[in-house]
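Participant:
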Amino acid sequence: MAQSVTACRDVRPFHMEGGRYEQYVYSYPHKLAYGPIEPARSLAEVWAREPKDSLFLYVHVPFCEQRCGFCNLFTFANPNEELPDRYMAALERQMLRTRAALGAGATFSQYAVGGGTPTYLSAASLARLLDRLSEVMGLDTRAPGSVETSPVTATEARLRVLRERGVTRVSMGVQSFDDEESASVGRRQSARDVHEAVRRIRGLGFPTLNLDLMYGLPEQSEARFLASLRAALEHRPEELYLYPLYVRRLTVLGRATTTGADDRRWDDVRVALYRAGRALLLSEGYAQVSMRMFRRGDAPATTAEASYQCQRDGMVGLGPGARSYTDRVHYSTAYAVGPQRVRSILESYADATQEDFDCIIWGYELSDEEKRRRFVLLSLLHESGLDCSAYANRFGADPREHVPELAELLLANASEPLLVRRGDRLVLTSAGLERSDQIGPYLMSAAVRERVARGPSA
Ligand SMILES: C[S@@+](CC[C@H](N)C(=O)[O-])C[C@H]1O[C@@H](n2cnc3c(N)ncnc32)[C@H](O)[C@@H]1O
Ligand code: SF4
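Right under this line is the structure:
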């Protein structure tokens with residue numbers, strides 16, 4: 002049992018024997034904590050006093066050519082022909098109102114188009130989307146920009162559109178180079194398709210290629226996982242993300258299996274695969290940036306920061322499912338996973354008038370405590386850790402005074418510490434980094450944890 006400081010402070014103990022795979026915390030508060038904002042807030046008022054000279058622009062494209070068995074993202078597989086066009090028209094209405102609400106001085110320093118699968122859109126629609134981002138939103142196409150793709154939709158014509166419009170990073174969800182594994186999670190792709198797609202991306206000379214792989218897939222042995230990883234390494238991607246499989250409610254896999262968050266044997270399988278994958282990447286000259294993210298040692302340092310900083314304040318989201326962050330208010334449209342609810346949210350988005358985009362009705366208003374926890378959480382889960390002076394400058398005290406769980410983490414597991422002091426920083430050790438999905442939820446406030454535990458509506 003870990004030593005505990007709970008005797009003198011009212012703080013939950015950190016349990017080393019708890020499940021390692023509770024929740025992937027990539028932003029805070031989690032979108033599942035969002036709820037109705039009543040009364041509705043006006044977009045212009047929420048953005049009025051925000052710094053707007055270096056915003057992040059995110060566009061969500063909620064379409065895919067398939068619904069993968071593990072996926073609970075806000076997306077719709079194979080919509081009828083007219084829905085993407087209606088969606089694009091609605092997106093343009095939202096752009097007009099958002100630009101007006103932000104005011105003339107707003108500038109974007111980075112952007113990302115994610116999903117779903119943005120390259121599900123035709124080459125012509127992608128071109129229109131990127132052109133409108135510069136014409137209507139005022140996006141400078143020289144700003145670093147990232148677009149997500151999938152092997153089957155990464156065609157030469159679509160990739161060419163992205164390259165010609167200055168996209169600097171292409172991120173492809175591969176998950177596995179093993180055809181049986183892909184089939185087991187309902188992905189219609191072969192290793193050959195994936196290699197060809199990567200060659201097309203490389204052929205066009207995008208500065209940064211990111212590949213996503215998953216571990217813990219059904220029947221995936223360590224040898225098979227490492228074979229996939231070696232296949233990815235043939236292309237020397239600048240970035241690689243290794244995702245532990247989560248089996249979530251309302252997904253195809255979630256309905257087919259009883260494996261869950263309390264299955265410790267499966268935790269052991271995933272952590273063994275993680276360690277094997279990490280060791281291979283480190284031996285191949287990659288550096289670890291967070292539990293999931295690895296960056297090639299000789300890749301330009303700026304490329305990795307796009308994914309890190311997009312979780313910071315000052316994010317403008319467009320499209321259903323996209324989140325937006327101001328200092329105090331985080332907002333989005335309602336969120337769902339099941340096809341009927343996703344479809345109905347998409348339909349109301351596509352039918353929305355310009356005026357409908359002036360109001361914020363769904364989100365989270367951050368208290369001072371939540372702002373402090375956000376800073377601590379997002380810094381700590383990154384290899385560079387939490388800068389205590391930067392924290393004190395912003396919030397007026399040492400982070401351990403405000404977030405007493407940090408003291409628990411500093412004491413937890415004395416034989417192999419999870420968190421250590423390094424100069425003025427608190428930094429996760431490798432034992433801590435591999436427990437990111439337990440430490441992240443541990444650092445959430447009780448209110449957010451409770452709302453997240455309820456999960457998405459169908
Ligand atoms: C935003 S998704 C985009 C993926 C892209 N549309 C594609 O081709 O799959 C980013 C990544 O999250 C990971 N992911 C999604 N659902 C997951 C789950 N249930 N468990 C683990 N990783 C997951 C996958 O690796 C995926 O590529
Ligand atoms: S993993 Fe990617 S391609 Fe598969 S359903 Fe989710 S967003 Fe679509």
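Counting in my numbering, the sequence shown tops out at residue 459, every number present.
Yeah, the Cβ is synthetic: ideal placement off N, Cα and C, and Gly gets one too.
Can you name, in chain order, every residue of its own chain whose Cβ lies under 7 Å from the Cβ of residue 448, other than the five neighbours on each side?
Facilitator: Counting only Cβ-Cβ distances below 7 Å, and skipping sequence neighbours, we find nothing.
Participant: Please state whether DSSP places residue 358 in a helix, a strand or coil.
Facilitator: Of the three classes helix, strand and coil, the one that applies to residue 358 here is helix, per DSSP.
Participant: Here's the rule I'm using: 16 or more other beta-carbon atoms within 10 Å means buried, otherwise exposed. How should residue 111 be labelled?
Facilitator: Per the 10 Å Cβ criterion, buried.
Participant: Could you name the residues of the same chain whose beta carbon sits closer than 8 Å to that of residue 406, not counting the 5 residues immediately before and after it, in chain order?
Facilitator: The answer, listed in chain order, is 12, 13, 15, 443 and 444.
Participant: Taking all protein chains shown into account, do 16 or more other C-beta atoms lie within 10 angstroms of the C-beta of residue 256, making it buried, or fewer, making it exposed?
Facilitator: Residue 256 is exposed by the Cβ-count criterion.
Participant: State the start and end residues of the unbroken beta strand (DSSP E) segment that holds residue 40.
Facilitator: Here the beta strand (DSSP E) through residue 40 covers 36-43.
Participant: With a cut-off of 8 Å on the beta carbons, I'd call residue 320 and residue 47 a contact; round off their distance for me.
Facilitator: In fact, because the Cβ distance is near 18 Å, the residues do not count as touching under 8 Å.
Participant: If you check the beta carbons only, do residue 274 and residue 332 fall under 7 Å apart?
Facilitator: Their beta carbons are not under 7 Å apart, which means residue 274 does not touch residue 332 by this criterion.
Participant: If we count the other Cβ atoms within 10 Å of its Cβ and call it buried at 16 or more, is residue 268 buried or exposed?
Facilitator: Per the 10 Å Cβ criterion, buried.
Participant: Out of 141, 45 and 142, which has the shortest C-alpha to C-alpha gap to residue 103?
Facilitator: Per the Cα distances, 45.
Participant: Rounded to a whole number of angstroms, what is the C-alpha to C-alpha distance between residue 367 and residue 236?
Facilitator: Going from the Cα of residue 367 to the Cα of residue 236 covers about 42 Å.
Participant: Among the residues of its own chain, which have a CB less than 7 Å from the CB of residue 167, if the five just before and after it don't count?
Facilitator: So the list reads 142, 143 and 146, once near-sequence residues are dropped.
Participant: As a quick exercise: from 352, 432, 151 and 325, pick the residue whose alpha carbon is nearest that of residue 86.
Facilitator: Among 352, 432, 151 and 325, the Cα nearest to that of residue 86 is on 352.
Participant: Between residue 308 and residue 184, what straight-line distance do the alpha-carbon atoms span, to the nearest angstrom?
Facilitator: Its pLDDT being 42, under 50, residue 308 is placed unreliably in this model, and the value from its coordinates should be taken loosely. Distance between the alpha carbons of residue 308 and residue 184: 29 Å.
Participant: Per DSSP, which one or two residues make a beta bridge with residue 176?
Facilitator: In DSSP, residue 176 forms a bridge with 214.
Participant: CB of residue 74 to nearest heavy atom of ligand 2: below 6 Å?
Facilitator: Correct: residue 74 has its Cβ closer than 6 Å to ligand 2.
Participant: Name the residue from 239, 159 and 249 whose alpha carbon lies nearest to the alpha carbon of residue 289.
Facilitator: Closest by alpha carbon: 239.
Participant: In this structure, does DSSP put residue 453 in helix, strand or coil?
Facilitator: DSSP places residue 453 in helix when its eight states are reduced to three.
Participant: For residue 169, which residues of its own chain have a beta-carbon under 8 Å away from its beta-carbon, when the five flanking residues on both sides are left out?
Facilitator: Excluding positions up to five away in sequence, the list reads 145, 146, 147, 207, 208, 209 and 304.
Participant: For the alpha helix (DSSP H) holding residue 398, just list the boundary residues, first then last.
Facilitator: Taken as a continuous stretch (DSSP letters only), residue 398 belongs to no alpha helix (DSSP H), as it is neither H nor E.
Participant: Could you give the distance in angstroms between the alpha-carbon of residue 191 and the alpha-carbon of residue 161?
Facilitator: Cα-Cα distance, rounded: 23 Å.
Participant: Evaluate the contact criterion for the segment 115-135 versus the segment 82-99: three or more CB pairs, one atom per stretch, below 8 Å.
Facilitator: The segment 115-135, when compared against the segment 82-99, does touch it at the 8 Å Cβ threshold.
Participant: Nearest by alpha-carbon distance to residue 114: which of 382, 322 and 80 is it?
Facilitator: Per the Cα distances, 322.
Participant: Within the present structure, is the beta-carbon of residue 213 separated from the nearest heavy atom of ligand 1 by less than 6 Å?
Facilitator: Residue 213: yes, Cβ under 6 Å from ligand 1.
Participant: Among 392, 363 and 386, which residue has its Cα nearest to the Cα of residue 370?
Facilitator: Nearest C-alpha to residue 370: 392.
Participant: Rank 437, 297, 316 and 165 by C-alpha distance to the C-alpha of residue 55 and give the top, closest one.
Facilitator: Here the closest residue by C-alpha is 316.
Participant: What would DSSP say about residue 239, mapped onto helix, strand or coil?
Facilitator: Residue 239 falls in the coil class under three-state DSSP.
Participant: How would you label residue 76, buried or exposed, when you count the other beta carbons within 10 angstroms and need 16 or more for buried?
Facilitator: With 16 or more other Cβ atoms within 10 Å, it is buried.
Participant: May I ask you to check if the CB of residue 22 is nearer than 6 Å to at least one heavy atom of ligand 1?
Facilitator: No - ligand 1 has no heavy atom lying nearer than 6 Å to the Cβ of residue 22.
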